[in-house]
Structures are given as C-alpha cells and as structure tokens.
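Quick notes on the structure that follows.
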Amino acid sequence: MTAPLVDIRTVTHRFGQQTVLKNVSLKIEPGSYTILLGPSGSGKTTLLSILGGFVSPSEGKVLIRGEDCTTVPPAKRPTTTVFQDYALFPHMSVGGNVGFGLRMQGVDAATRAARAREALALVGLADAFDKKPHQLSGGQRQRVALARALVVEPAVLLLDEPLGALDLKLRRQMQDELKAIQKRVGTAFIHVTHDQEEAMALADHCVVMNDGRIEDEGPPERVYARPATRFSATFMGESTLMSGTVTAVKDGTITVAAQAGSFSLPGTLPTGTAVALAVRPEHLVLGPDGGAVRLGTAKVSDVVFQGSFKRVLAASEQDPALHVIARIPAAATVQPGDIVAVSCEAGDVILLTG
Ligand SMILES: Nc1ncnc2c1ncn2[C@@H]1O[C@H](COP(=O)(O)OP(=O)(O)OP(=O)(O)O)[C@@H](O)[C@H]1O
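What follows is the structure, encoded as structure tokens:
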C-alpha cells in the first residue's frame, strides 16, 4: 500500500452553533478523480475549503503527502482551487491569468509565458493566449480557470461545482474533457457536485455526503450497484424502497416478509432483523412473467417517455409506503391506471443498512 496523497482525519467543523462536518475521515489516492457528492448543505464545499486552506477545521487534521497542512494557508499548500465563477481577472489577458500563480512564485516572464502556453494547450486553448476573458465562451473560460490552476503543478486540484455555470449540453461535453485532462496530467482531482450523473461520469472514487457525514464511498459502479445506506440508494440514482423483517435464515438464504409479499434473498441476518431493501429501476419487471421475487401488484400513476426507455411510476396495492420506479423498453405499452405485477430477481435486491 502506498501512503494516501491526502489523509483527512476525523475532521469536525462548526460555524457558530451549527456543526456542518461531523467526524469526517477520508483518504485520497494519488492520480485519482474523487467526487464529493451530496445535496445542498451537506458540507461538501466546507470540506473542500478545509482542503484548500480557506477554512481551518474546528477539530481534526488534514495531511497532504504525509505533512500536516491543517493550518497552512492556501498559497503555501500544494493545492489549487477552481471556483464555480472561475474568478478570472477581467483586465488581464488569458495568458496573464494563467501565468498569475507563477508570477506570485517569482517565476520569470519568459518561463511564465512558456508554461502558460503549455497549460493552455493542455486544455485545448492554445490560441487564446492574447485574448481577454470576456472574448471567450463560458466553456472556454472554464478551461482557462483549469489551466490557471494546473500551471503551478499542484499535488491536488480542488474543483467546486466547476461545471455549475454551464448549460446541460456543454456541461456533459466538459465532463468528458475534464476526465480526459485529469488522466493526461495525472494530478489528483477532488470535485464537488450535487449532480449524480456527473459523479458517475467522472469519479474513480465517489464520496456520498449527507448532513455533514460520509454516507458511502467507493467506485461509482459499486456505490450504484450496492449502496451502503438508504440515503446513498436514493441520492446516487433512483430506487424502489421497501422495508421488511427477516423471518427465517438457512444456508446463506434469508426469507424476508414485506407488506407486498414474502421472498428469499441471499444473506445471513438473524431472524427478527428489520431490513430496508432497494431495487434499481432497470431491475424491476412489470407484468406477469417476472423474476423470483414477487412484490405484489401496483397501479401505474405515470409513464414518462425518455427516448431510449420509459420511466414508470406506480403505487403498490398492498403497501402504501412502496412507490415503484421502473424502467421499461420504449416500445412497451403501459398506461396510467394499469394494474401490473411487479417482480425482480433475488440477486437484484439490495439490502441496506443505516
Ligand atoms: N461561512 C459560513 N458561515 C456560516 N455557515 C456556513 C458558512 N459556510 C457554510 N455554512 C453552512 O454550512 C452548511 C454546509 O454548507 P456547505 O456549503 O459546505 O454545503 P454544500 O454541501 O457545499 O452545499 P451547496 O451545494 O449548497 O454548496 C450549510 O448549512 C451552510 O449554510
């Protein structure tokens, strides 16, 4: 095991009476793309600000490359930050903006210009050196901000909602570019967003935050397929959620009784355990020829055409708390008001803790 590049140790942070980070520990590996994902107010920006040195935590430590940086000011630590509004100097040329950090370090003008040109080439803006920020599009300004942050060769690049100001199409396009640039430079990126699609598209490591805590973390594929908590199952993608009780356990199989039905799942929990269960929309089958886990019948309330598939919402007829969210082929004919049997395979039922 190599040492982590960033080691956040039991960080708690309070603004006045409000505790916005609660005992957060997190390790960041060199060369990784980490996404801090969570709803507004969950503490993502505060954690990023602590990493960047803009906020000192009330408790806990931040180590970067093994060194305690907890109270080191922003300019003296090996991090740079890209802000949502880019914070470019409007009167300065693009080249001047990108070279600014090097100027602060006392690097001579010729070297500054050469390195700024290199950084601009890296983000695909080789010919923008002499322009002013206002002559560029939003997406281009975003790339200038990225070049400016990368030119000083930080150990960690911090990005706070970097695509937040862009329209959806450009946002998706810039996601692909960000990922490509990160792989090219090999710098560890830590990127804050509340957009779960962005998280899935970009992250090697996804950290799901809720109410000042880390709910779940891991590769996005794992977080999606096997979310650790109920919150994670609903924030990272959609799920149909149920609760039930374990009524029998035998040979690695548990029987769960839920209001919508009783079924067997792989597992070893003791009899009497209350469980929460989640099923992803693409794993639910609507109609009579379904999977082994039968979840009763549901009345369709909404069918939304989404291009390559239809999203179906339905209310269980047996369990008022069970709201079915399914994804069916675009050609399938299901109408609001239809009563459908709901099922899935045992292996697709996610057992949740927390
Ligand atoms: N400087 C501050 N002074 C007082 N309270 C603050 C300060 N900055 C943030 N907070 C509070 O801390 C909590 C967490 O805020 P934070 O910005 O870290 O959340 P977030 O997950 O990044 O949310 P968003 O996506 O809305 O930026 C919020 O309740 C916020 O109001």
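Counting along the sequence shown from 1, when you hit position 21 you're at 19 in my numbering, and nothing is skipped either side.
We treat Cβ as the ideally placed atom computed from N, Cα and C, and that holds for glycine.
Since the structure is predicted, the reported quantities are computational estimates derived from the model, not experimental observations.
Apart from the five residues on each side of it in sequence, which residues of its chain come closer than 7 angstroms, Cβ to Cβ, to residue i?
i, result
"Ala272", "Ser241, Thr243"
"Arg139", "Tyr84, Leu86, Pro131"
"Gly289", "Val283, Ser341, Cys342, Glu343"
"Ala274", "Arg228, Leu239, Ser241, Leu350"
"Asp209", "Ser40"
"Phe52", "Pro72"
"Gly50", "Pro72, Thr77, Thr79, Leu156"
Residues in the same chain with beta-carbon distance under 6 angstroms from residue i, minus the five sequence neighbours each way, listed in chain order, please.
i, result
"Ala73", "none"
"Ala255", "Gly242, Thr243, Thr245"
"Thr253", "Thr245, Ala246, Ser262"
"Leu168", "Gly137"
"Ser56", "Thr10, His11, Arg12"
"Thr68", "Lys59, Val60"
"Gly162", "Gln82"
With respect to the alpha helix (DSSP H) encompassing residue i, which residues constitute its N-terminal and C-terminal limits?
i, result
"Pro218", "218 to 223"
"Phe81", "No alpha helix (DSSP H) contains Phe81, which DSSP labels as neither H nor E."
"Arg141", "136 to 148"
"Gly97", "92 to 102"
"Phe229", "228 to 233"
"Lys130", "Note, Lys130: premise wrong, no alpha helix (DSSP H); not H, not E."
"Thr109", "107 to 120"
"Ala197", "194 to 200"
"Leu45", "42 to 50"
Taking Cβ to Cβ, would you say residue i is nearer than 8 angstroms to residue j?
i, j, result
"Gln257", "Gln316", "yes"
"Gly259", "Leu293", "yes"
"Pro268", "Leu350", "no"
"Leu155", "Leu148", "yes"
"Glu213", "Phe229", "yes"
"Phe307", "Ile326", "yes"
"Val332", "Val301", "yes"
"Arg12", "Gly58", "no"
"Leu45", "Val80", "no"
"Gly390", "Val347", "Residue coverage of the chain in this structure runs from -1 to 352, which leaves residue 390 outside it and unanswerable."
"Pro152", "Pro76", "yes"
"Thr32", "Ile188", "yes"
"Leu118", "Ala145", "yes"
"Val92", "Lys129", "yes"
"Asp202", "Pro217", "yes"
Got a sec? Which residues, its chain only, sit under 8 angstroms from residue i by beta carbon, not counting five neighbours each side?
i, result
"Arg110", "Gly97, Leu100, Arg101"
"Ser299", "Leu311, Ala312, Ala313, Pro334"
"Thr0", "Glu27, Pro28"
"Val221", "Cys204, Val206, Asp214, Glu215, Ser230, Met234"
"Thr251", "Ser262, Leu263, Pro264, Gly265"
"Ser54", "Ile48, Thr68, Thr69"
Note the first and the last residue of the continuous beta strand (DSSP E) segment covering residue i.
i, result
"Gly58", "57 to 62"
"Leu168", "Careful: Leu168 lies outside any beta strand (DSSP E), inside the alpha helix (DSSP H) at 166 to 183."
"Val273", "272 to 277"
"Gln16", "16 to 26"
"Thr295", "291 to 303"
"Arg239", "With the sequence shown as reference, residue 239 is identified as Leu, and Arg is not the correct amino acid for it. 238 to 248 is the extent of the beta strand (DSSP E) around Leu239."
"Gly259", "259 to 264"
"Ala339", "337 to 342"
"Lys308", "307 to 314"
Would you say residue i reaches chain C, if we count a Cβ-Cβ gap shorter than 8 angstroms as a contact?
i, result
"Glu215", "Of the chains in the structure shown, none is chain C; there is only one protein chain."
Below 8 angstroms on the Cβ atoms is my contact criterion, and I expect residue i with residue j to pass it. Report the Cβ-Cβ distance as a whole number of Å.
i, j, result
"Ala231", "Ala276", "4 angstroms"
"Arg278", "Ser237", "6 angstroms"
"Val190", "Lys42", "4 angstroms"
"Ala197", "Leu35", "4 angstroms"
"Phe127", "Arg115", "6 angstroms"
"Leu166", "Met172", "The pair is not a contact, with the Cβ atoms about 11 angstroms apart (cut-off 8 angstroms)."
"Asp106", "Leu61", "Asp106 to Leu61, Cβ: 33 angstroms. No contact."
"Val183", "Leu120", "7 angstroms"
"Ala186", "Ser30", "5 angstroms"
"Asp158", "Gln82", "6 angstroms"
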